[in-house]
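So the protein lines, in turn, are chains S and W. For the first sequence, the working numbering begins at 9 and goes up steadily by one. For the second sequence, the working numbering begins at 9 and goes up steadily by one. For every residue, glycine included, the Cβ atom is placed at its ideal position computed from N, Cα and C. Reading through the structure tokens given below for one structure.
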Amino acid sequence: DSGVTQTPKHLITATGQRVTLRCSPRSGDLSVYWYQQSLDQGLQFLIQYYNGEERAKGNILERFSAQQFPDLHSELNLSSLELGDSALYFCASSVDGRATETQYFGPGTRLLVL
Amino acid sequence: QKEVEQDPGPLSVPEGAIVSLNCTYSNSAFQYFMWYRQYSRKGPELLMYTYSSGNKEDGRFTAQVDKSSKYISLFIRDSQPSDSATYLCAMRGGMDSSYKLIFGSGTRLLVRP
Chain S
9 DSGVTQTPKH LITATGQRVT LRCSPRSGDL SVYWYQQSLD QGLQFLIQYY NGEERAKGNI
69 LERFSAQQFP DLHSELNLSS LELGDSALYF CASSVDGRAT ETQYFGPGTR LLVL
Chain W
9 QKEVEQDPGP LSVPEGAIVS LNCTYSNSAF QYFMWYRQYS RKGPELLMYT YSSGNKEDGR
69 FTAQVDKSSK YISLFIRDSQ PSDSATYLCA MRGGMDSSYK LIFGSGTRLL VRP
């Protein structure tokens with residue numbers, strides 16, 4: 009158990025809908041990362057937050073947004089969902105978000121868009 | 009061309025075999041190299057972390073980085089059925105570059121009892 013928690017574990021929804029994925033980092037970690045894992049694209053970095061502020065952006069679509077709250081939990085919002093958004097979404101956390109740090113991954117949220 | 013290439017496998021070996029997993033990459037700015045293990049329906053967990061070129065050993069696992077060839081390897085000695093998982097290589101640039109990790113697509117390993 010990495011200490012990173014994600015809810016929900018599974019999510020089934022329809023195209024055009026909006027969902028929110030939630031992540032709680034390990035105790036003491038200030039930085040949160042979101043990744044998408046799909047069969048054809050592999051594991052891809054979406055976005056990083058550090059202590060409430062956006063620090064780095066990856067291949068995140070404009071339909072997706074994220075935020076980190078004062079209690080350090082983070083939410084990833086996915087809107088206008090398409091079939092191709094079906095994937096595993098992972099959250100990871102690290103202490104300070106420095107490049108040398110280990111990222112600890114949560115168990116993921118499996119999203120299925122029908 | 010992807011920045012990081014990894015053979016998806018599957019790689020099937022008998023218990024006790026030595027396993028060699030590899031990744032190649034194209035970005036010479038990468039300096040930090042990692043291997044993650046991912047069991048089915050679980051999140052990736054860090055196995056090995058290496059900075060720049062060289063070898064690092066941890067129990068049955070050895071990570072090698074050859075920056076001149078842009079090639080990294082993970083060796084598993086005395087492989088066990090519990091090693092059956094997908095192995096992902098990951099890498100990132102230096103301290104002043106983007107924090108994002110670039111992952112390989114993963115190699116699925118099956119160790120047969």
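(message) Under 9 Å, CB to CB, which of the residues in the region 47-81 of chain W have a partner in chain S?
(response) Arg49, Lys50, Gly51, Pro52, Glu53, Leu54, Tyr57, Tyr59
(request) Determine which residues share a DSSP beta bridge with Phe111 of chain W and list them. (result) W:Ala98
(request) Consider the Cβ of Leu51 of chain S: report whether some Cβ of chain W lies at a distance smaller than 8 Å. (result) yes
(request) Measure the Cβ-Cβ separation of Leu29 of chain W and Tyr95 of chain W and say whether it is below 8 Å. (result) yes
(request) With 8 Å as the threshold, decide whether the Cβ of Gly116 of chain S is near any Cβ in chain W. (result) yes
(request) Name the two residues that bound the continuous beta strand (DSSP E) containing Val121 of chain S. (result) 117-121
(message) Less than 8 Å between CB atoms is the rule here; does Gln111 of chain S satisfy it with respect to chain W?
(response) yes
(request) Could you please give the first and the last residue of the uninterrupted beta strand (DSSP E) stretch that includes Leu2 of chain W? (result) Absent from the structure is residue 2 of chain W, since the part of chain W shown begins at 9 and ends at 121.
(request) Mark Ala22 of chain S as exposed unless 16 or more other C-beta atoms lie within 10 angstroms of its C-beta, in which case mark it buried. (result) exposed
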